[in-house]
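Please read the structure below before turning to the comments.
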Amino acid sequence: MEDPNVPVRIMRSPLGRAQGLGAARHGVGHWWAQRVTAVALLPLSLYFVASVLILAGATQARMAGFMAKPWNTVLFLCLIAALFYHLSLGLQVVIEDYVSHEGKRRGGIMLVNGLIVLSALACAVSVLKLAF
Amino acid sequence: MKHVRAAQMIGRNSEGDLVSRPLSPFMIGTAYRAQMSSMTSIAHRITGCALGVGTLLLTLWLVCAATAAQAFADIQGLLASWLGLLMLIGFTFALFYHFCNGIRHLAWDSGRGFELGAMHRNGWIVLAASVILTAGFWLVGFLVW
Ligand code: HEM
Chain D
90 MEDPNVPVRI
100 MRSPLGRAQG
110 LGAARHGVGH
120 WWAQRVTAVA
130 LLPLSLYFVA
140 SVLILAGATQ
150 ARMAGFMAKP
160 WNTVLFLCLI
170 AALFYHLSLG
180 LQVVIEDYVS
190 HEGKRRGGIM
200 LVNGLIVLSA
210 LACAVSVLKL
220 AF
Chain X
543 MKHVRAAQMI
553 GRNSEGDLVS
563 RPLSPFMIGT
573 AYRAQMSSMT
583 SIAHRITGCA
593 LGVGTLLLTL
603 WLVCAATAAQ
613 AFADIQGLLA
623 SWLGLLMLIG
633 FTFALFYHFC
643 NGIRHLAWDS
653 GRGFELGAMH
663 RNGWIVLAAS
673 VILTAGFWLV
683 GFLVW
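Protein sequences appear in the order of chains D and X.
Going by the working numbering, the residue at position 30 of the first sequence is 119; the numbering climbs one at a time, nothing skipped.
Going by the working numbering, the residue at position 39 of the second sequence is 581; the numbering climbs one at a time, nothing skipped.
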């Protein structure tokens, strides 16, 4: 159990180390997904900011014309996916930090995720409806 | 009181009355000096949550656009009002701050810019960049509008 190359005693089972699971009982998946969505959001949020400037004061007809361009449809759908996924991961961490009661914590995360799924679908369907 | 931890949060003030001890946010300014590290960290969290609220506005905007021409005209009018613009200025600042500080986070994750001096410096850069980006956005915004 002790690694001769590591000068400290490792207080974890070999299986636990191999699986890489810590006290949170899950691996680096959550952390990594937060970084991947953050990197995706770097260009996507700049695109969003630019598109909002283009659509300043727009009528519905101009908005629909904008969304009907294939690149805009695709980029908006990518933005919506990355944005809401990143938000879900982020708010989960915030709730875990502040809500110590297990039931309320789990319930809160589920409630927030439910709202996020609703919002994300409403956004995606709206973009598609404008585009087609 | 169910937990030992909760019991430890009870103390007596100088009059001898039982009071709950102040948690760290209430100590800022009195016992705890605001620092670049903690302030930019909590600001990242606050702006992230604010942007979460902002996604509700984004949803409303897109749903209105997909519903009817009049509904979209109404929300565009609302956003162009003083209250709407104030809200949008807040959201753009939150986005630019979270964007810039997000880059700082990603740099830290790759092991860069973590020394005390560098952390202090890039914190100021993030703050200045968010203000400049927000001002630039609205300058262009009012020009193209
Ligand atoms: C613009 C590009 C963005 C980048 C580069 C970015 C980057 C990041 C990073 C690196 C973290 C992890 C910070 C940590 O470990 O404490 C994070 C957290 C978070 N982000 Fe973003 N983000 C972006 C956009 C957004 C948007 C648009 C939203 C909201 C819809 C958002 C909401 C959040 C939330 C709620 C957290 C959790 C905050 C916390 O744990 O303290 N982010 N972001």
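Beta carbons: idealized from backbone N, C-alpha and C, even for Gly.
Candidates the options: closest to residue i by CA position
i: residue 170 of chain D; options: D/218, D/125 and D/101; result: D/125
i: residue 686 of chain X; options: D/123, D/101, D/142 and D/122; result: D/142
i: residue 547 of chain X; options: D/189, D/214 and D/122; result: D/189
i: residue 581 of chain X; options: X/631, X/559, X/649 and X/643; result: X/643
i: residue 680 of chain X; options: X/609, X/664 and X/622; result: X/622
i: residue 578 of chain X; options: X/553, X/656 and X/684; result: X/656
i: residue 593 of chain X; options: X/583, X/682, X/678 and X/632; result: X/632
i: residue 609 of chain X; options: D/185, D/203, D/148 and D/158; result: D/148
i: residue 221 of chain D; options: D/195, D/107 and D/161; result: D/161
i: residue 183 of chain D; options: D/123, D/132, D/130 and D/215; result: D/123
i: residue 583 of chain X; options: X/646, X/558, X/614 and X/674; result: X/646
i: residue 172 of chain D; options: D/157, D/130, D/150 and D/159; result: D/130
i: residue 127 of chain D; options: X/653, X/555, X/560 and X/648; result: X/648
Host beta strand (DSSP E) of residue i (start-end)
i: residue 561 of chain X; result: 560-562
i: residue 553 of chain X; result: 552-554
Continuous alpha helix (DSSP H) stretch holding residue i: start and end
i: residue 657 of chain X; result: Careful: residue 657 of chain X lies outside any alpha helix (DSSP H) and carries neither H nor E.
i: residue 174 of chain D; result: 159-187
i: residue 146 of chain D; result: Premise fails: residue 146 of chain D is in no alpha helix (DSSP H) and is neither H nor E.
i: residue 215 of chain D; result: 191-220
i: residue 603 of chain X; result: 578-609
Neighbour list for residue i in chain X, Cβ cutoff strictly below 8 Å
i: residue 146 of chain D; result: 618, 622 and 687
i: residue 157 of chain D; result: None at all; the shortest Cβ gap to chain X is about 12 Å.
Listed by chain order, chain X residues near residue i by CB distance under 7 Å
i: residue 181 of chain D; result: Within chain X, no residue comes near residue 181 of chain D; the closest Cβ sits about 11 Å away, beyond 7 Å.
i: residue 127 of chain D; result: 644 and 648
i: residue 172 of chain D; result: 597
i: residue 218 of chain D; result: 608
i: residue 152 of chain D; result: 607 and 614
Within chain D, partners of residue i - CB distance below 9 Å
i: residue 598 of chain X; result: 204 and 208
i: residue 601 of chain X; result: 207, 208, 209, 211, 212 and 215
i: residue 605 of chain X; result: 211, 212, 214 and 215
i: residue 549 of chain X; result: By Cβ distance, chain D contributes nothing, its closest Cβ being about 14 Å from residue 549 of chain X, past 9 Å.
i: residue 637 of chain X; result: 134, 137 and 138
Per-residue contacts from residue i into chain D (C-beta, under 7 Å)
i: residue 682 of chain X; result: 142
i: residue 651 of chain X; result: 124
Within chain D, the residues that residue i reaches when beta carbons sit closer than 8 Å
i: residue 594 of chain X; result: 176, 179 and 180
i: residue 679 of chain X; result: 138 and 142
i: residue 587 of chain X; result: 183
Within chain X, partners of residue i - CB distance below 9 Å
i: residue 100 of chain D; result: Neighbours of residue 100 of chain D on chain X: none; closest Cβ ~24 Å, over 9 Å.
Inset, instruction - Answer yes if the region 176-184 of chain D comes into contact with the region 197-217 of chain D, meaning at least three C-beta pairs across the two stretches below 8 Å, and no otherwise. - result: Here the region 197-217 of chain D lies against the region 176-184 of chain D, with 3 or more beta-carbon pairs under 8 Å apart.
Legend entry - Touch test, the region 660-672 of chain X against the region 599-607 of chain X, Cβ-Cβ under 8 Å, three pairs minimum: no
Legend entry - Segment contact, 8 Å Cβ cut-off, at least three pairs: the region 156-171 of chain D with the region 130-139 of chain D: yes
Legend entry - Given 8 Å, three or more beta-carbon pairs between the region 589-597 of chain X and the region 605-617 of chain X: no
Legend entry - Validate contact between the region 577-588 of chain X and the region 634-648 of chain X using beta carbons, cut 8 Å, 3 pairs: Flag = yes, the region 577-588 of chain X and the region 634-648 of chain X touch.
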